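Worksheet: the structure to be examined is printed underneath.
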Amino acid sequence: MADPFYITTAIHYPNGRPHIGHAYEMIAADAIARFRRQQGRDVFFQTGTDEHGLKMVKTARDRGVEVRALAEEMSGYFHEMADVLDISYDRFIRTSEPAHYAASQAIWQAMADAGDLYLDRYEGWYSVRDEAFYEEKELTDGEGGKLSPQGTPVEWTAEETWFFRLSKYQQPLLDFYAANPDFIRPESRRNEILRFVEGGLADLSVSRTSFDWGVPVPGSPGHVMYVWVDALTNYITGAGYPEDPERFAKYWPADVHLIGKDIVRFHAVYWPAFLMSAKIALPKQVFGHGFLLNRGEKMSKSVGNVVDPMALASLYGVDALRYFLLRDVSFGNDGTFSDEAIVTRANADLSNSFGNLAQRTLAFIAKNCEGKVEAGRGEEADAVLLAEVDTACAGFVRAFEDLALSQAVELWMTGVFACNQYIDAQAPWALRKTNPERMHAVLATLLRAIRRLAVTIQPVVPGSAAKLLEQLGPEGDPDFRIAAPTPIFPRLELKEDA
Numbered sequence: 005m006a007d008p009f010y011i012t013t014a015i016h017y018p019n020g021r022p023h024i025g026h027a028y029e030m031i032a033a034d035a036i037a038r039f040r041r042q043q044g045r046d047v048f049f050q051t052g053t054d055e056h057g058l059k060m061v062k063t064a065r066d067r068g069v070e071v072r073a074l075a076e077e078m079s080g081y082f083h084e085m086a087d088v089l090d091i092s093y094d095r096f097i098r099t100s101e102p103a104h105y106a107a108s109q110a111i112w113q114a115m116a117d118a119g120d121l122y123l124d125r126y127e128g129w130y131s132v133r134d135e136a137f138y139e140e141k142e143l144t145d146g147e148g149g150k151l152s153p154q155g156t157p158v159e160w161t162a163e164e165t166w167f168f169r170l171s172k173y174q175q176p177l178l179d180f181y182a183a184n185p186d187f188i189r190p191e192s193r194r195n196e197i198l199r200f201v202e203g204g205l206a207d208l209s210v211s212r213t214s215f216d217w218g219v220p221v222p223g224s225p226g227h228v229m230y231v232w233v234d235a236l237t238n239y240i241t242g243a244g245y246p247e248d249p250e251r252f253a254k255y256w257p258a259d260v261h262l263i264g265k266d267i268v269r270f271h272a273v274y275w276p277a278f279l280m281s282a283k284i285a286l287p288k289q290v291f292g293h294g295f296l297l298n299r300g301e302k303m304s305k306s307v308g309n310v311v312d313p314m315a316l317a318s319l320y321g322v323d324a325l326r327y328f329l330l331r332d333v334s335f336g337n338d339g340t341f342s343d344e345a346i347v348t349r350a351n352a353d354l355s356n357s358f359g360n361l362a363q364r365t366l367a368f369i370a371k372n373c374e375g376k377v378e379a380g381r382g383e384e385a386d387a388v389l390l391a392e393v394d395t396a397c398a399g400f401v402r403a404f405e406d407l408a409l410s411q412a413v414e415l416w417m418t419g420v421f422a423c424n425q426y427i428d429a430q431a432p433w434a435l436r437k438t439n440p441e442r443m444h445a446v447l448a449t450l451l452r453a454i455r456r457l458a459v460t461i462q463p464v465v466p467g468s469a470a471k472l473l474e475q476l477g478p479e480g481d482p483d484f485r486i487a488a489p490t491p492i493f494p495r496l497e498l499k500e501d502a
């Protein structure tokens with residue numbers, strides 16, 4: 005039976021349309037999911053939208069629409085983006101689903117049964133934009149008032165609320181981090197969380213009474229769950245909690261929660277504490293990736309530099325965008341992008357290197373060999389090339405397993421470079437006249453190498469790799485003839501209206 009592998013993105017907050025940061029996270033998770041499927045794992049890949057909370061209520065009020073209608077509309081944009089970007093999700097979850105209400109109320113009851121919830125009054129600082137409470141010591145003074153650690157405005161809030169005994173879990177969390185050093189990655193995020201938890205944990209407000217758009221607290225009329233209890237629970241909802249224990253036992257704990265670095269605290273402190281309280285196993289890893297910067301600047305609506313990922317995909321192609329984001333952004337760190345950078349990278353690696361290699365090899369076979377390559381006389385250079393390609397592809401696999409995605413693609417490119425050096429050195433166009441038998445051996449070696457490279461890079465550029473493999477035909481089929489190929493990676497031009 006295939007070994008299960010469960011990966012999630014954060015569920016995206018749909019009070020606005022998707023931006024390139026949402027796309028980056030989905031693309032990275034999708035590439036990892038596809039890679040694991042290639043390895044024969046039974047992959048479950050979940051993404052979706054986080055639709056409750058005060059921010060949604062205020063956005064709906066400002067637009068003069070019902071909040072449920074806003075959630076329906078905005079979630080649709082994220083669903084559309086996932087489909088446009090060729091995201092192979094198995095479940096697109098929405099926190100407004102009845103199954104998710106049931107799961108959230110079940111984990112709430114489990115925490116209550118553990119004695120970890122109590123009713124009191126909350127007075128403190130709350131950021132509507134972050135949907136997060138902050139202690140005074142975390143705030144800074146900014147223009148117009150106090151700001152959260154994320155630079156978002158906070159407001160003083162006072163209301164009756166249920167509290168979670170987060171303070172009780174300070175030492176259990178520290179013990180867990182010590183016993184599981186890879187639970188939080190990369191190392192910089194782990195160090196941030198260790199400092200935060202070692203500094204002391206205050207009990208956490210986990211319900212609100214100032215609005216009703218959320219999961220009702222069981223047995224407590226007027227209270228809805230604080231959005232992070234509700235939101236984080238989506239990961240176990242999708243895995244079958246509590247109604248499908250067999251499915252839950254199969255996929256939980258999750259192998260990777262892939263999230264942005266700004267929400268690591270919620271996933272690496274609050275979430276494991278909730279799970280400890282509910283006596284549910286903790287996920288194996290939380291990976292906090294960096295931000296995408298537009299020409300080195302953080303994107304914001306006020307600056308006007310927020311980028312629509314579907315517009316980029318329309319201008320330059322889905323796979324060119326996917327390849328750039330996974331190749332040029334060191335996974336775990338912040339990265340920068342621009343139209344020029346996307347075009348330059350796609351042309352250099354995909355069009356000029358790999359695409360040109362495949363195009364001239366297949367076109368030569370179609371034109372000069374009637375689409376078929378015969379057995380030929382092998383030489384040491386052939387074995388050397390295949391060994392170099394094997395090394396490059398094995399390096400890709402090891403790096404991808406370690407979530408070193410950009411390094412993986414860089415290693416893959418060494419195999420492409422080796423093939424281009426080989427074809428130039430062996431010159432099959434010259435061998436056609438002087439040594440046809442040797443020409444066939446060279447072409448057969450190239451076909452093997454190109455196939456291996458195409459299969460390896462398929463998680464990154466799934467559509468393009470599939471087209472190339474179709475042109476290569478079924479491996480070992482003696483009746484297949486290679487036709488004149490269509491370029492898989494046409495050269496890109498920078499769009500003036502970009």
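Mind the numbering: the sequence shown is residues 5 to 502 in this note's numbering, read in order. Glycine included, each C-beta is placed from N, C-alpha and C at the ideal position. Computed from a predicted model, the values in this text were never measured in an experiment.
Opening and closing residue of the beta strand (DSSP E) in which residue i lies
i      : result
GLN363 : Element bounds for GLN363: not the beta strand (DSSP E) but the alpha helix (DSSP H), 360-372.
SER131 : 121-131
LEU151 : 149-151
THR161 : 159-168
THR262 : It should be pointed out that residue 262 corresponds to Leu in this sequence rather than to Thr. Unbroken beta strand (DSSP E) run through LEU262: 260-264.
Residue i versus residue j - alpha carbon distance
i      : j      : result
ARG125 : SER342 : 48 angstroms
HIS104 : CYS397 : 41 angstroms
ARG349 : ARG189 : 27 angstroms
PHE335 : VAL322 : 19 angstroms
PRO22  : PRO494 : 27 angstroms
VAL228 : TYR274 : 18 angstroms
GLU384 : GLY339 : 42 angstroms
LEU435 : ARG455 : 22 angstroms
ILE11  : TYR28  : 15 angstroms
SER92  : ARG452 : 27 angstroms
ALA183 : ARG194 : 13 angstroms
VAL459 : ARG65  : 49 angstroms
ASN351 : GLU196 : 38 angstroms
THR53  : GLY20  : 11 angstroms
ALA317 : VAL388 : 38 angstroms
THR156 : VAL233 : 21 angstroms
LEU473 : GLY148 : 58 angstroms
ARG38  : GLU140 : 44 angstroms
MET85  : GLY146 : 35 angstroms
MET30  : ALA315 : 16 angstroms
ILE346 : PHE328 : 6 angstroms
ARG4   : THR241 : Absent from the structure is residue 4, since the part of the chain shown begins at 5 and ends at 502.
LEU286 : GLU191 : 19 angstroms
ALA408 : ALA32  : 11 angstroms
ARG45  : ILE36  : 11 angstroms
N- and C-terminal bounds of the alpha helix (DSSP H) containing residue i
i      : result
GLY57  : No alpha helix (DSSP H) contains GLY57, which DSSP labels as neither H nor E.
TYR418 : The identity of residue 418 in the sequence shown is Thr, whereas the question assumes Tyr. Counting along the chain, the alpha helix (DSSP H) containing THR418 begins and ends at 409-430.
ILE492 : Run containing ILE492: none; DSSP gives neither H nor E here.
LEU178 : 174-183
GLY339 : First-last for GLY339: 339-341, but that is the beta strand (DSSP E), not the alpha helix (DSSP H).
TRP112 : 102-117
ASN238 : 238-242
GLU392 : 384-405
GLY155 : Unbroken run through GLY155: none, as it is neither H nor E.
GLU497 : Looking at the DSSP string, GLU497 is not in any alpha helix (DSSP H), and its letter there is neither H nor E.
ALA73  : 71-88
GLU247 : Segment: none, GLU247 is in no alpha helix (DSSP H) and carries neither H nor E.
Residues that residue i bridges to, as DSSP identifies them
i      : result
ILE97  : GLY52
TYR138 : TRP129
PRO8   : ASP46
HIS16  : THR53
ASP145 : LYS150
Residue i Cβ short of 7 angstroms to the ligand SAH heavy atom set
i     : result
ALA35 : Among the components of this structure there are no ligands whatsoever, and the ligand SAH is therefore not found.
Problem set entry | At least three beta-carbon pairs within less than 8 angstroms, the stretch 361-370 to the stretch 486-496 | Yes, since at least three Cβ pairs between the stretch 361-370 and the stretch 486-496 fall closer than 8 angstroms, the two stretches touch.
For this session: With a floor of 4 residues, list each alpha helix (DSSP H) that falls wholly inside the stretch 187-235, ordered by position along the chain.
Result: For the stretch 187-235, whole alpha helix (DSSP H) runs of length 4 or above, ordered along the chain, are 191-202.
Exercise. Between the stretch 460-471 and the stretch 424-437, do three or more beta carbon pairs fall short of 8 angstroms?
Worked result: Between the stretch 460-471 and the stretch 424-437 there are fewer than three inter-stretch CB-CB distances shorter than 8 angstroms, so the stretches are not counted as touching.
Exercise. In chain order, which alpha helix (DSSP H) runs of at least 4 residues are fully inside the stretch 432-485?
Worked result: Runs of the alpha helix (DSSP H) inside the stretch 432-485: 432-438, 440-461 and 466-476.
Problem set entry | Those runs of the alpha helix (DSSP H) which lie wholly inside the stretch 272-335 and span at least 4 residues | Fully enclosed alpha helix (DSSP H) runs of 4 or longer: 275-282, 313-320 and 322-332.
Problem set entry | Touching by the beta-carbon criterion (3+ pairs, under 8 angstroms), the stretch 162-170 and the stretch 253-272 | When C-beta atoms of the stretch 162-170 are compared with those of the stretch 253-272, fewer than three pairs fall below 8 angstroms, so the two segments do not count as touching.
For this session: State whether the stretch 245-259 contacts the stretch 105-118, with contact taken as three or more CB pairs (one from each stretch) at a distance under 8 angstroms.
Result: Taking a cut-off of 8 angstroms for Cβ pairs, the stretch 245-259 and the stretch 105-118 touch, as three or more such pairs fall below it.
Problem set entry | the stretch 218-234 in contact with the stretch 43-60 per 3-pair CB rule at 8 angstroms | With a cut-off of 8 angstroms on Cβ pairs, the stretch 218-234 is in contact with the stretch 43-60, counting three or more such pairs.
Exercise. Are the stretch 440-449 and the stretch 371-388 touching by the rule of at least three beta carbon pairs closer than 8 angstroms?
Worked result: Yes, the stretch 440-449 is in contact with the stretch 371-388.
For this session: Pair every Cβ in the stretch 248-261 with every Cβ in the stretch 281-291, then say whether three or more of these pairs are closer than 8 angstroms.
Result: Yes, the stretch 248-261 is in contact with the stretch 281-291.
For this session: May I ask you to verify whether the stretch 170-182 touches the stretch 276-289, counting CB pairs closer than 8 angstroms and requiring at least 3?
Result: With a cut-off of 8 angstroms, the stretch 276-289 and the stretch 170-182 count as touching, because enough Cβ pairs lie within range.
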